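Numbering (the numbering used here), first residue to last: 11 to 676. Glycine included, every Cβ here is placed at the ideal spot set by N, Cα and C. No experiment lies behind these values; they were computed from the predicted model shown. Working notes, beginning with the structure itself.
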Amino acid sequence: MADPASYRPQAGEIPTTPGVYRFRDPHGRVIYVGKAKNLRSRLNSYFANPAGLLPKTHAMVHAASSVEWTMVGSELESLQLEYTWIKEFKPRFNVVFRDDKTYPYLAVSMGEKLPRVQVMRGERRKGTRYFGPYTAGAIRETMDTLLRVFPVRSCSPGVLKRAQASGRPCLLGYIDKCSAPCVGRVTAEEHRAIAEDFCSFMGGEAKRFITRLEKDMGAAVAELDYERAARLRDDIIALRKVFERNAVVLSEDTDADVFALHDDDLEASVQVFHVRGGRVRGQRGWVVEKVEDATTPELIEHLLQQVYGEDSDNQGRIPREVLVPEIPSNHHELLEWLGGLRGAKVDIRVPQRGDKAALMSTVRENAEQALKLHKVRRAGDITVRSQALQELQEALELPVPLLRIECYDISHVQGTNVVASMVVVEDGLPKKADYRKFSITGAAATDDTAAMHDVLTRRFRHYLQDKSAQLPKSGEVPNPGVGEPPSSSDDAALTGAKARFAYPPNLVVVDGGQPQVNAAARALAELGIDDVYVVGLAKRLEEVWLPDSDFPVILPRTSQGLYLLQRIRDEAHRFAITFHRQKRGKAMTVSALDGVPGLGEAKRKALVAHFGSLKKIKAATALELTAAKGIGPALAEAVVSHLAAAGASGEAAPAVNMTTGEILET
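In structure tokens:
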């Protein structure tokens, strides 16, 4: 842990203006982002008496090795820049709200020529209107019910193209749940009008459509058209079913998001009810670890930043009212920021009495229940993972906790298509974003130990290069103190794939016994790395080998530490095998005819079909080759020259039937 005094800036160097500051760790990663009305006052509070800081703040300043700041023109700008940097760097000591599940939305792609209704998750798309969020079961039922009244296209682009090409609609067109614009039953303009009606109904104008259908049903009865009246009656029932599914909780002109929070010393649970037209249209929830010492107003400020700042298309998504349990910090700046995103005034209020206060109480009960459920579900997982990591650390007699473990495996078939995998586990959980694949060629592909040495050398050489590029030179203080934030290129290495790749593990696990372990340890020693520990897990007896050790470490068969090593090893093996099969599959399609200038796949197939085998193609003259379809004199000469050169160099690549996969005679 670093001493905060070692990187404390001089008080006179820090401006007294508003700004945003960042703490970085020894590897150059941003671990905390904060804002301040007065940068000097705020930063001095971290260094004046580090021993008196709250535990999590104390851990942050001792994990950091440098601090830098950027001045801005106003508190609103500091709010915007803080949110941008938290989203970009994802600092470990900042509160980051993440959904406890990915909520689906009902989306209508109004930007397409033929709008499509579908259930969507993830990032929002331009030109698409969203309704929700909903639970997965409710949204499918709602969509299925509404399509009988508003038969909007819901098929994929591939199904649409096939229907247009064949002139026949898909099944939904036959059962009247699609108006079939693909085959001209309705025009594109008529179909867009149906989609607009769908959006209007979902937007809260249900009574208008129900009243219209009731009038149409009465007219059909007057005309004795009972079949049409029965269909309209069923449509009215369907619309009422969807409309009444959401209980009325507030007046019909109320559009609001109601947030409530329940927390303890370690975690906080947040729930929000989305009220549109007085009805609860959706619900979302988060459980977040309180990694920074934040008050409730500060938590609410971060929450609103992240909930409404995650998408650029916020018009219609941010309601007129945002109801919260306490007024957030930087209240006026938040109002200005949210108003700019919405394009209209936004009101942030704490309900004191009446229906809104009663609804807030209900949302708070949901938040309390969500936190209890989260703790029950996580208790077993956390206990087992902690036990496994502690057992492993004690069995291997390692001086550091195993926060990050990397495992490597080599895969090949008789020395061909040699590949390696790197899988990563942090806090006992896989971190798939950091998985890596390696292709191994040349002398390193001769045996497993050479391959392991090559892979570890390449991986940690990148780490050393990025480490030297990220750290400031000796004597420099990384305090820009300028009015403009650093350019994105300055931080690209810290936020992209290289930054994740460069982050070093506490333990390296290799799949194999003593030879593989010694090869890995030798690679680290040659690079001068002495703070990363290496072990190997041999498959035969599940023995754990240490470098330069004559005897393995035997973990009990019921050890959680051994289970963890086995899971990591099996995951590395699976990842390596998958990559090896992909590479081998590509190699199997290589032909001696590949690389001939001007000879594409169609002409290559024509040659093989005409002559029957690569052997006969090699024996043919340029004149004989022109007998094949599409082969002219110049191309025939090119084929003869290429095959002659390949034969002279000793190449013996097999020809493969691209349809059956059969290796053809050579």
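- Pairing Pro161 with Gly194, the inter-Cα distance amounts to about 14 Å.
- DSSP places Arg532 in the uninterrupted alpha helix (DSSP H) bounded by 524-536.
- Less than 8 Å divides the Cβ of Asp267 from the Cβ of Val332.
- For the pair of segments examined, the region 227-237 was found not to touch the region 336-349: the number of CB pairs separated by less than 8 Å stays below three.
- Setting aside the 5 residues that flank it on each side, Arg359 is surrounded in the same chain by Glu331, Leu333, each with a C-beta closer than 7 Å to its C-beta; the list follows chain order.
- Looking only at Ala248, Ser164, Phe585, the smallest Cα-Cα distance to Lys217 is reached by Ala248.
- Gly353 carries a coil assignment under DSSP once its states are collapsed to helix, strand and coil.
- Check the Cα spacing between Arg294 and each of Phe283, Met432, Gly288, Gln128: the tightest is with Phe283.
- Here the alpha carbons of His590 and Leu551 stand approximately 25 Å from one another.
- Taking C-beta separations shorter than 8 Å and ignoring five residues to either side along the sequence, the partners of Thr306 in its chain run Leu271, Asp273, Pro335, Glu336, following chain order.
- Val105 is positioned such that its CB atom lies no closer than 8 Å to that of Leu116.
- Exclusion of the five residues before and after Arg50 leaves Ile24, Thr26 as the residues of its chain whose Cβ lies within less than 6 Å of its Cβ.
- Within the model, the alpha-carbon separation for Glu299 versus Gly353 is close to 33 Å.
- Counting along the chain, Ser449 sits inside the beta strand (DSSP E) bounded by residues 446-449.
- Apart from sequence neighbours up to five positions away, no residue of its chain approaches Gln576 with a beta-carbon distance below 6 Å.
- Assignment of Asn59 by DSSP, reduced to helix, strand and coil, places it in the coil class.
- With 16 or more other CB atoms across the displayed protein chains lying within 10 angstroms of its CB, His312 is buried.
- By the Cβ-count criterion, Glu581 is buried, with 16 or more other Cβ atoms from all chains shown falling within 10 Å of its own Cβ.
- In the DSSP assignment, the residues bridged to Met130 are Tyr115.
- Glu224 and Ser84 have their alpha carbons spaced roughly 57 Å apart.
- For the pair Gly640 and Lys613, the Cα-to-Cα distance works out to about 6 Å.
- In the three-state DSSP reduction, Ile247 falls in the helix class (H, G or I).
- The beta carbon of Ile627 is closer than 8 Å to those of Leu603, Leu617, Val618, Phe621, Leu635, Val649, Leu653 in its chain, skipping five residues each way along the sequence.
- For Gln293, DSSP records a beta bridge to Phe283.
- The C-beta distance from Ile420 to Ala405 rounds to 25 Å, too long to fall under 8 Å, and the pair is not in contact.
- Sequence-distant partners of Val127 (beyond 5 residues in either direction) whose C-beta falls short of 6 Å from its own C-beta, in its chain, are Val118, Val162, Ser164.
- Rounded to whole angstroms, the separation of the alpha carbons of Thr197 and Ile310 is 48 Å.
- Between Val40 and Ser88 a beta carbon distance of about 16 Å is seen, past the 8 Å cut, so the two are scored as non-contacting.
- In the structure shown, Glu23 falls within a helical segment according to DSSP collapsed to helix, strand and coil.
- Taking 8 Å as the cut-off, the Cβ atoms of Tyr17 and Ser55 do not count as close.
- Take the alpha-carbon of Pro607 and the one of His463: they are about 39 Å apart.
- Cβ neighbours of Lys593 within its own chain (closer than 8 Å, five residues either side excluded): Asn427, Val429, Ser449.
- In the displayed model, Met81 falls within a strand according to three-state DSSP.
- Each of Ala638, Pro562, Tyr543 was checked against the Cα of Gly523, and the nearest Cα belongs to Pro562.
- In the DSSP assignment, Ala455 falls outside any beta strand (DSSP E) and carries neither an H nor an E.
- Under a 10 Å Cβ-count criterion, Pro167 is classified as exposed, with fewer than 16 other Cβ atoms of the shown protein chains found around its own Cβ.
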